[in-house]
Every structure is written in C-alpha cells, then in structure tokens.
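> Pasting in a structure now, in structure tokens, and then I'll have a few things to ask.
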Amino acid sequence: MIQMVIRGRDSIRRAGETAEKMGIGKPLIVGSKHLIPRLKQFLPMEAPVFTGYHPNPDLSDAEAGVRMYREAGCDGLISIGGGSAMDTAKAVKAWLYAGSYEALKRGGLRVPEGSDAAPEKITSLRALKERTLRQRNTGSVPHLAIPGTAGSGAEATAAAVVYEKGKKLNVSHPALLPEGVILDAALLDTLPLYHKKSSALDAFCQGVESYWARAATEDSRVHAFLAFQGVLDNLKGYLAGDPRAAEQMMDASYQSGRAIFHTRTTAAHAMSYQITQRMGLAHGHACALTLPVLWDLLTENEETRDLMAGLASRMRLGDPSMGSRLIRGMMLEMEMPLPERPTDEMLNELTDSVNVERIGNHPMALTRDQIRAVYRRAFIPLPEMEKQACLDIWRYYGT
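Be aware that the sequence shown starts at 195, since it is given in my numbering, and climbs by one per residue.
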C-alpha cells in the first residue's frame, strides 16, 4: 500500500482536509492528552477521544478503544503521540477487522476488499460523502497517524506491539499500515528532554538493527542508513532546539520505521522490553543499553566481521571497534542514566525473558549464557579513561 505522507512544520493544520481525503467523516482520536487540543482545532468534524491506554499498550486498551469506536459510530482513526498511541490505534483496527478477541489472537483479520488501496483524491463534498458511505458499508477503517515523537517510526509499520498479562504480543498485518501520515516537527517542541533523547535512541537502534538484521535487503538498508545517519548528523542540533534538525530527526524516525517494517528488529530490541518493565527506562534508552555490547560481539565474531566493517564505513568510522564507543559516547553526552547493576537473580530473570528462537533475525546466534553476559556488561560503568575516549569520539564526530 502507498501511504499518503505529508511533511513540514505546522503540517498538522492539514489534519482535517487529510482525514476528509481519506474518507474519514467521524474519527476516533487515539492519543496523548497534551496534543489532542492542538489537533482538534484543525478538525472540522466531530471526533470522540480515547486516551485510556498504557505506555506499553495492553489488549484491554484495544478492547476499550473498540467499544468507544463502535458506540460513537466512528468510521476511521486518527492517532497522535508516540508509538504507544499509534500501536493502540493499530490494535483497535486489528480488533475491528478480526471481529473478536479470539480471532485477533489467531491473526484472523477479515480485511474488507479495497481497504488497502491508496487514498483517492476527493474533489467534492459529494465525492467525500460517497467515499465515507462506501467505507462504512465495507467496514474499512482508514487510519491517519501523526507522530508526536521522533523515535518509534510506528507510523511506517504494519505491526502493533501490545501486551497480554505482561507478555508481549505482536499483531501484524499489511492492512495495519496507516493509510495517511503527517510528519510535523513542531509537535516535538514541547517534548520533555528525556523523551526527546530516548526516542532518538530508539530510531537510531532501529536503523542499526535493521541494517545488520539477517532479513536485511539492499532496499531496506537504504532506509536503515537514512535512519541511523539522520540521527547521528542531527541529534546535537535537535537537542539544542534547531527547528531544521528537528525536521531531519522526524524523517530519520520515519525511515527507521520503514526499515524495520521490512526486516524487523534484533536482539537489542528483544532484550529491552523487560528492562523497561522492571526498571522504568524508556524504550529507546533500554535498547541503547545493550546495543554497544552487541556491536562488540558482532565485531569480534569472524562470521559477522565484514558486515560490521561495512556498517562502520557507512557511519564514516575508520574502524568497526569505534562504533560501540561512538554509541557509548553519545549516551554519556546525553547524560542517559545507567541503572543500578542488577542482582544475579534479576540477571537470570532478564535472560529468561528473552526467547532465543525469536531472535533468529539477529546476525549471529546467541546462547543463553551470551545473552546473560550482554545484560551483565551493559550495566557495568565504564572506567574513567574509557569513558573520556568514548566522549571524545562522539564530540568530534562529523567535525
């Protein structure tokens, strides 16, 4: 499916006309409370609001959203906010297509014919009404995604991560790719600094992981490169408040979503979820904790050494071993806190939470002992001399 993508600062002003072009006459808004008033001033139609979702969305969140959607007689979705808002909206859409909780878990989505078509151009009010009526009759659920962070890239993927009783459930189907996207960097201006940093790390990790993933292709690596290089080249300016850098970061995030849509993520993401659940770290921060340790493992591994040399070259690094130092230096400069070192018991619990079979997309097979060793190393503070070396590599990067 071809997405309708609108870019530019203050492009949220086009939300109403974009929704209408997509045939949405009464959307359910799924999003962050602080962004919804900004969105609603540009929507000419009635739009009920659903904000009752968790940072890591639960299936019960989707159920509540479906109930509101049906009771209000909605005919489409608008999500605004971070990955949780967009994943919740996609889970609502999946539930509506599946028809029931049991069918959703089985992946039994009944996608209406024509629902994956590219949005058509609406040239009159009559055409708009006809399109809306068709969608209501067929049960199509068009989705306009408006990211409020530069990190998850969820607006560019056809999967939603939701939880059931604390366990991750991946809901994926091509029809869940949002039909429309608005990339407005002005929405990033009011983000708390920690969330700006952690979201940027998420986009960076997705780019790197997609590049080295077993499922990577020549095309997916283009998106992966645009993601991680977009973060590396614009992070300093973005955090300093440069509007142009913010636009580039928003696009890097979108590209990271395009990349993982094709390849999926690898071990750093798989290992991050319980760090977030147990230690309260934001998702991108949790991913970036293990990424440099995994980088070193892959650089030392004979079978993946050439892959890492190529990745380091794309990052304009002369030596693959500098990659992990660059990442550590970036995190040190951003003052991303290192959590307290986990006990042996927690290390075992973190290790046991990773399904080894589900990280087959990682470029090298990892044993349980290796996963435990990665967790252990990720929480050990660097010696002062090594810390300074990492900071210097980051501070002089690109100069």
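Every residue gets a Cβ at the ideal spot worked out from N, C-alpha and C, and that includes glycine.
Rounded to whole angstroms, what's the CA-CA distance from residue 440 to residue 266? Just pull it up for me.
Here residue 440 refers to the residue found at position 246 when the sequence shown is read from its first residue. Here residue 266 refers to the residue found at position 72 when the sequence shown is read from its first residue. When rounded, the distance between both Cα atoms is 36 Å.
> Less than 8 Å between the C-beta atoms of residue 557 and residue 505, yes or no?
Residue 557 sits at position 363 when you count from the first residue of the sequence shown. Residue 505 sits at position 311 when you count from the first residue of the sequence shown. Going by C-beta atoms, residue 557 is not nearer than 8 Å to residue 505.
> From which residue to which residue does the alpha helix (DSSP H) around residue 335 run?
Here residue 335 refers to the residue found at position 141 when the sequence shown is read from its first residue. Note, residue 335: premise wrong, no alpha helix (DSSP H); not H, not E.
> For residue 443 and residue 411, what's the separation of their Cα atoms in angstroms?
As a working note, residue 443 is residue 249 in the sequence shown. As a working note, residue 411 is residue 217 in the sequence shown. Taking the straight line from one Cα to the other gives about 23 Å.
> Taking residue 416 as part of the alpha helix (DSSP H), name the residues at either end of that continuous run.
One-based indexing of the sequence shown puts residue 416 at position 222. Start and end: 412 to 433.
> When the Cα of residue 530 is compared with those of 517, 262 and 575, which residue comes out closest?
Stepping through the sequence shown from its first residue, residue 530 is reached at position 336. With distances taken between Cα atoms, residue 530 lies closest to 575.
> Less than 8 Å between the CB atoms is what I'm expecting for residue 208 and residue 200, so what's the real figure, rounded?
Start at 1 with the first residue of the sequence shown, and residue 208 comes out as number 14. Start at 1 with the first residue of the sequence shown, and residue 200 comes out as number 6. Yes, they are in contact, since the Cβ atoms of residue 208 and residue 200 sit about 6 Å apart, within 8 Å.
> Residue 282 to residue 354, Cα distance in whole Å?
One-based indexing of the sequence shown puts residue 282 at position 88. One-based indexing of the sequence shown puts residue 354 at position 160. Using only the alpha carbons, I get a separation of about 7 Å.
> Compute the Euclidean distance between the alpha carbons of residue 512 and residue 284, then round it to the nearest angstrom.
As a position in the sequence shown, residue 512 is number 318, starting the count at 1. As a position in the sequence shown, residue 284 is number 90, starting the count at 1. Taking the straight line joining both Cα atoms gives about 42 Å.
> Contact between the stretch 368 to 378 and the stretch 409 to 425: three or more CB pairs below 8 Å?
Segments in contact, no.
> For residue 293, name the three-state secondary structure that DSSP assigns.
Taking the sequence shown and counting its residues from 1, one reaches residue 293 at position 99. Reduced to three states, the DSSP call for residue 293 is coil.
> Please confirm whether residue 283 has its beta-carbon closer than 8 Å to some beta-carbon of chain D.
Here chain D cannot be found, since the structure has a single protein chain.
> Does residue 387 pass the burial test, meaning 16 or more other C-beta atoms within 10 Å, or should it be called exposed?
By 1-based counting over the sequence shown, the position of residue 387 is 193. Classification of residue 387: exposed, given that the 10 Å Cβ count is below 16.
> Please give me, in chain order, every unbroken run of the alpha helix (DSSP H) with length at least 4 that falls completely inside the stretch 537 to 583.
With a minimum length of 4 residues, the continuous alpha helix (DSSP H) runs that stay inside the stretch 537 to 583 are 538 to 546 and 562 to 572.
> Between the stretch 519 to 526 and the stretch 455 to 472, can you find at least three pairs of beta-carbon atoms closer than 8 Å?
Short answer: they don't touch.
> Just the C-alpha distance for residue 522 and residue 584, rounded to the nearest angstrom, thanks.
Indexing the sequence shown from 1 puts residue 522 at position 328. Indexing the sequence shown from 1 puts residue 584 at position 390. About 6 Å.
> Since residue 518 is in the alpha helix (DSSP H), which residue starts that stretch and which ends it?
One-based indexing of the sequence shown puts residue 518 at position 324. Note, residue 518: alpha helix (DSSP H), 516 to 527.
> Can you give the Cα-Cα distance for residue 153 and residue 486, rounded to whole angstroms?
With the chain running from 195 to 593 in the structure shown, residue 153 is simply not present.
> Identify every residue that forms a DSSP beta bridge with residue 201.
Within the sequence shown, residue 201 is the residue found at index 7, counting from 1. Answer is 377.
> Between which two residues does the beta strand (DSSP E) carrying residue 348 extend?
The residue labelled residue 348 in the question sits at position 154 within the sequence shown. Run containing residue 348: none; DSSP gives neither H nor E here.
> Can you tell me where the alpha helix (DSSP H) holding residue 233 begins and where it ends?
In the sequence shown, counting from the first residue as 1, residue 233 sits at position 39. Here the alpha helix (DSSP H) through residue 233 covers 230 to 234.
> Residue 276 to residue 541, Cα distance in whole Å?
Here residue 276 is taken as the residue at index 82 of the sequence shown, counted from 1. Here residue 541 is taken as the residue at index 347 of the sequence shown, counted from 1. Rounded to the nearest angstrom, the two C-alpha atoms are 29 Å apart.
> At what residues does the beta strand (DSSP E) containing residue 353 begin and finish?
Translated into positions along the sequence shown, residue 353 becomes position 159. From DSSP, the beta strand (DSSP E) with residue 353 extends over 353 to 358.
> Between residue 273 and residue 206, what straight-line distance do the alpha-carbon atoms span, to the nearest angstrom?
As a first step, residue 273 is located in the sequence shown; it is residue number 79 there, counting from the start. As a first step, residue 206 is located in the sequence shown; it is residue number 12 there, counting from the start. Roughly 12 Å between the two C-alpha positions.
> By Cβ distance below 6 Å, which residues in the same chain neighbour residue 429 in space, the five residues on each side in sequence not counted?
Within the sequence shown, the letter at position 235 stands for residue 429. These residues qualify, in order along the chain: 394.
> Can you tell which of 496, 287 and 334 has its C-alpha closest to the C-alpha of residue 559?
Along the sequence shown, one-based indexing puts residue 559 at 365. Out of 496, 287 and 334, 496 has the C-alpha closest to the C-alpha of residue 559.
> Taking its Cβ as the centre, do 16 or more other Cβ atoms sit within 10 Å of residue 221, making it buried, or is it exposed?
To locate residue 221, count along the sequence shown from 1; it is residue 27. By the 10 Å Cβ count, residue 221 comes out buried.
> Under 6 Å Cβ to Cβ from residue 514, same chain only, skipping five residues before and after it: list those, please.
As a working note, residue 514 is residue 320 in the sequence shown. These residues qualify, in order along the chain: 493, 502, 503 and 506.
> Tell me whether the stretch 285 to 293 and the stretch 225 to 239 touch, counting them as touching only if at least three CB pairs, one residue from each stretch, are closer than 8 Å.
As far as the Cβ criterion goes, the stretch 285 to 293 does not touch the stretch 225 to 239, which means the pair count is below three.
> Given this structure, state the Cα-to-Cα distance separating residue 550 from residue 468, to the nearest angstrom.
Here residue 550 corresponds to residue number 356 of the sequence shown, with the count starting at 1. Here residue 468 corresponds to residue number 274 of the sequence shown, with the count starting at 1. So the alpha carbons of these two residues sit roughly 15 Å apart.
> Unbroken alpha helix (DSSP H) runs of length 4 or more, entirely within the stretch 384 to 411: which are they?
387 to 406, all fully within the stretch 384 to 411.
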